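Residue numbering for the sequence shown follows the working numbering, starting at 115 and increasing by one per position.
What follows is a short report on a single structure.
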Amino acid sequence: MAVQAVLFAGALGTTVAGHGKVGTTVQYTLIVLLGLAMGLQNAVARRLGLPDLTTTVLTLTLTGLAADSGPAGGSCPCRRCSSAPSSEPYS
Numbered sequence: 115m116a117v118q119a120v121l122f123a124g125a126l127g128t129t130v131a132g133h134g135k136v137g138t139t140v141q142y143t144l145i146v147l148l149g150l151a152m153g154l155q156n157a158v159a160r161r162l163g164l165p166d167l168t169t170t171v172l173t174l175t176l177t178g179l180a181a182d183s184g185p186a187g188g189s190c191p192c193r194r195c196s197s198a199p200s201s202e203p204y205s
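In structure tokens form, the structure reads like this:
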């Protein structure tokens with residue numbers, strides 16, 4: 115998760131450094147950084163080994179956690195956090 119945050123921060127920094135001018139270098143840098151972040155997310159989903167856990171489900175879960183966080187103005191995501199460890203891989 116920390117690596118993904120660093121990749122997103124790099125993408126944000128690239129966008130800010132572009133000063134509103136999205137040239138070819140900025141475009142390719144964004145594609146690489148965000149592509150790596152998405153690939154990392156896919157690798158984590160596969161590594162978890164849960165059946166039917168697609169990156170879409172993982173993305174929705176992460177989005178829900180972020181939306182429910184205090185900084186986003188939501189309630190405490192304790193319900194979501196407590197339910198995550200209870201999901202065990204099926205044999």
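Cβ coordinates follow ideal geometry from the N, Cα and C atoms, glycine included.
Treat the numbers as computed from the prediction; the structure is a model and nothing was measured.
Query, Result
"Between Val140, Leu172 and Ala125, which has its C-alpha nearest Leu150's C-alpha?", "Ala125"
"Exposed or buried, what is Thr177 when buried is set at 16 or more other beta-carbons lying within 10 Å of its beta-carbon?", "exposed"
"So what's Leu172 in DSSP terms, helix, strand or just coil?", "helix"
"For my contact list, Asn147 and Leu172 are in at a C-beta cut-off of 8 angstroms; report their separation, rounded to the angstrom.", "At residue 147 the sequence reads Leu, which differs from the Asn that was named. So it is not a contact: roughly 19 angstroms between Cβ atoms."
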